[in-house]
Amino acid sequence: DVKVTQSSRYLVKRTGEKVFLECVQDMDHENMFWYRQDPGLGLRLIYFSYDVKMKEKGDIPEGYSVSREKKERFSLILESASTNQTSMYLCASSTLRQGSYEQYFGPGTRLTVT
Amino acid sequence: ILNVEQSPQSLHVQEGDSTNFTCSFPSSNFYALHWYRWETAKSPEALFVMTLNGDEKKKGRISATLNTKEGYSYLYIKGSQPEDSATYLCASNTGTASKLTFGTGTRLQVTL
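Chains as they are written, first to last, in the working numbering: chain A, 359 to 472; chain B, 624 to 735.
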C-alpha cells in the first residue's frame with residue numbers, strides 16, 4: 359500500500375512565524391503536491407513537484423514556498439504565517455500507473471494561525 | 624466550462640435510496656477523470672479513474688460513467704448505506720497529465 363505521511367495532524371502557530379509542513383511518501387513516486395482545502399472551495403493546488411529539486415506553482419502559490427531535496431520528501435513553507443493561511447493542508451503523491459496519474463493523499467494537517 | 628464543477632453541493636438521503644451526482648469538466652485537452660471519496664478524519668481515497676469516452680466503472684454499489692465529448696461524468700450509488708456518508712470529489716487531468724483540477728465536492732449524508 360502507498361503511504362503518504364504528514365508531520366502533524368494539528369498545528370497552531372502565531373502570525374509572523376515561519377511554518378514547515380513536511381510530507382513523506384514511501385512508494386518512489388516522482389510527483390508530489392500540496393493542496394489546501396477550505397469550506398466551499400474544494401482542494402486548491404499550492405505547489406507541485408515532478409522531480410527532485412523541481413517545483414511548479416499551482417493555482418494559489420502566494421505566501422508559500424516548497425522544497426524537494428529528496429524524492430520521498432516534499433516540504434511546504436509558510437515564510438511568515440498569516441491568519442488567512444488557517445486551513446487544512448493535504449499532501450499527495452502520484453506516478454503513472456495503468457495509463458493514469460492516480461493521486462494518493464496524506465491525512466492532512468489542520469493549521470490554525472492566531 | 625473552464626473549471627471542474629460538481630452538483631449538488633450536498634445531499635441528504637435515507638438508507639436504501641439510490642442517488643447520483645454530476646461532475647462537469649473541460650472537454651478540450653482531456654486526459655483522465657478521477658473520482659475520490661473523502662470520509663471525515665480520513666484521507667481522500669480514489670474510487671475510479673476513467674479515460675475513455677463511454678467508460679463505465681463499478682465497485683460494489685458504486686458506479687461511474689464518462690462522457691468526454693460533452694464533458695461530464697455521473698457517479699451512482701445504489702442502495703445508500705450510512706457508511707457511504709462522505710464528500711465525493713471529482714478531478715480532471717487536462718493539459719498537464721499529472722496535475723489534477725478538483726471540483727468542490729458533493730457532500731453525501733445517509734441516515735437510517
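Just so it is clear, CB atoms sit at the ideal spot from N, CA and C, and this is done for glycine as well. None of these values were measured; they are calculated from a predicted model.
Item: Using DSSP with H/G/I as helix, E/B as strand and the rest coil, what is A/GLN456?; Value: coil
Item: With C-beta atoms as the reference, is A/ASN389 less than 7 Å away from A/TYR405?; Value: no
Item: Tell me which residues share the same chain as B/GLU679 and place their Cβ nearer than 6 Å to its Cβ, disregarding the 5 neighbours each side in the sequence.; Value: THR688
Item: Tell me whether the beta-carbon of B/GLN746 lies closer than 7 Å to the beta-carbon of B/HIS635.; Value: What the structure shows of chain B is the stretch from 624 to 735, and residue 746 of chain B is not part of that stretch, so it cannot be assessed.
Item: Leaving out the 5 sequence neighbours to the left and right, which residues in its chain are closer than 7 Å to B/ILE700 when beta-carbon positions are compared?; Value: SER641, THR642, ARG684, ILE685, ASP707
Item: If the criterion is Cβ atoms closer than 7 Å, does the pair B/LEU712 and B/PHE725 meet it?; Value: yes
Item: Compute the Euclidean distance between the alpha carbons of A/GLY457 and A/TYR447, then round it to the nearest angstrom.; Value: 28 Å
Item: Could you give the DSSP three-state label for A/ASN442: helix, strand or coil?; Value: helix
Item: So which of A/TYR459, A/TYR422, A/GLN395, A/SER451 has the shortest CA-CA distance to A/VAL410?; Value: A/SER451
Item: Does B/PRO631 come within less than 7 Å of chain A when only Cβ atoms are used?; Value: no
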